[in-house]
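Only one structure is covered here, and it is reproduced in the block below.
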Amino acid sequence: MITLAVETSCDETALAIYDSEKGPVGDILLSQAKVHSPFGGVVPELSAREHTRNLLPLLDRLLKNTGFDLRNIDFVAFTLTPGLIMSLTVGVAFAKAVAYLYRKPLVPVHHLEGHIYSVFLERPVDYPFLALVVSGGHTDLFLVEGFGRYTFLGGTLDDAAGESYDKVARILGLGYPGGPEIDRISRRGRPVYTFPRPLIDDPSLNFSFSGLKTAVLNLVRKEKNLKIEDVASSFQEAVVDVLVEKTVRAVRETGVGRVVVVGGVSANSRLREVLKDRSAEENFEVFIPHPRLSTDNALMIAYAGIERFKRGVTAPLDVNPEPNVPLQEFGKVWS
Ligand code: KG4
Ligand code: ZN
1 MITLAVETSC
11 DETALAIYDS
21 EKGPVGDILL
31 SQAKVHSPFG
41 GVVPELSARE
51 HTRNLLPLLD
61 RLLKNTGFDL
71 RNIDFVAFTL
81 TPGLIMSLTV
91 GVAFAKAVAY
101 LYRKPLVPVH
111 HLEGHIYSVF
121 LERPVDYPFL
131 ALVVSGGHTD
141 LFLVEGFGRY
151 TFLGGTLDDA
161 AGESYDKVAR
171 ILGLGYPGGP
181 EIDRISRRGR
191 PVYTFPRPLI
201 DDPSLNFSFS
211 GLKTAVLNLV
221 RKEKNLKIED
231 VASSFQEAVV
241 DVLVEKTVRA
251 VRETGVGRVV
261 VVGGVSANSR
271 LREVLKDRSA
281 EENFEVFIPH
291 PRLSTDNALM
301 IAYAGIERFK
311 RGVTAPLDVN
321 PEPNVPLQEF
331 GKVWS
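Per the numbering used here, residue 1 is the first one in the sequence shown, and the count goes up by one each step.
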């Protein structure tokens, strides 16, 4: 089974052709980071405009690179939700046009489902497992008991982890996206400042990062001559501590000893390091995709699309994108 997958939920325009038997045929991705960088974050209108500009040239390049004939796809997979509504709309319209032209079915994918299954592009994971989804828009913990069977265990009450990285980077005068920048400069810094670890001792599996960002802002306003690599490293230590300790709590509470960690923030080198140590101490397995598959890409949408299509799920031609359908509901509606 072969699919063309389309991902435009935020600021990456991504396409992939994936064969369920042989793996990736090819994939292509264009980051809009340079376009949004002067604004310190994604500007929705610019994102939609860039997707509109780039989708067809990217498809053209992908087909030339792979020599693939689009008539050979079995269906078109696309991100239906969640994301920036105008950006999703461009991708959905594009997916519909290809499906209509080639008379192929359309298969909707939830962006977070794509992230979770990014791990499966490298190796399968036995069910049940826990999923920590840490991206620019989400910080969620799920129990996954099978494909499409998701139980929400907890999530952020305010900013997502990636969003707090991006906001703190902006406070520190670093570029967008902030996560990779903070990750990089933290290696030269020391965690000399003690920032709060919001909700770390709270019995829930919820997160909160907006107070942490404010603590960084207050420090930067108050103290002159700060070494930004020390501030970055101290901030990163706090975020990583909270993410890892909540994950440990989820493992203890559910008794599930396999955890997939996905989404842009899972590319973080310190998070990977601490997870490795804590999982060895607490005796659970951690699965993190290659950093290239942690951040947004279309291969993950292809993989999840194939699993949905195998279950007979297709979308009508008048399907509309949705800005925010919770994953646990999507799994029930599109089954
Ligand atoms: O999954 P993703 O590519 O897009 C969304 O679905 O949001 O995640 C993007 C987020 C951004 O906030 C970015 O700053 C963060 O992931 N990110 C990182 C790293 N690489 C990307 N955060 C921390 N460390 C990184 N190395
Ligand atoms: Zn994402």
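Every residue, glycine too, gets a C-beta built ideally from N, C-alpha and C.
Cβ-heavy atom distance, residue i to the ligand KG4, below 8 Å
i      : result
ILE182 : yes
PRO177 : yes
HIS115 : yes
TYR303 : no
VAL265 : yes
LEU55  : no
GLU12  : yes
ALA161 : yes
Local Cβ density within 10 Å of residue i, reported as buried at 16 or more and exposed below that
i      : result
PRO180 : buried
ARG249 : buried
PHE39  : exposed
MET300 : buried
TYR117 : buried
ARG123 : exposed
HIS51  : buried
ARG308 : buried
For residue i, the nearest candidate out of the options (CA to CA)
i      : options                        : result
GLU12  : VAL274, VAL90, ALA238          : VAL90
LEU243 : LEU132, ILE182, TRP334         : LEU132
PHE75  : THR156, TYR18, HIS111, PHE39   : TYR18
SER164 : LEU70, PHE207, GLU7            : PHE207
VAL251 : SER204, GLY211, GLU273, LEU106 : SER204
ILE200 : ASP27, TYR193, GLY211          : GLY211
HIS115 : VAL262, VAL256, ASP27          : VAL262
First through last residue of the beta strand (DSSP E) which encompasses residue i
i     : result
ALA14 : 12-19
LEU30 : 23-31
Check: residue i C-beta below 8 Å from any heavy atom of the ligand ZN
i      : result
ASP296 : yes
HIS36  : no
HIS111 : yes
GLY137 : yes
SER47  : no
SER9   : yes
N-terminal and C-terminal residue of the alpha helix (DSSP H) that residue i is part of
i      : result
VAL192 : Per DSSP, VAL192 belongs to no alpha helix (DSSP H) and is neither H nor E.
SER294 : 291-294
**Study point:** Every unbroken beta strand (DSSP E) inside the region 216-288 [3 residues or more]
**Key:** You should have 258-262, 285-287.
**Study point:** Ordered list of alpha helix (DSSP H) runs contained in the region 38-121, each at least 4 residues
**Key:** Listed in chain order, they are 44-66, 85-102, 111-118.
Check your understanding: In the region 132-189, which residue ranges form an unbroken beta strand (DSSP E) of at least 3 residues, counting only runs that do not cross its ends?
Key -> 139-146, 149-155, all fully within the region 132-189.
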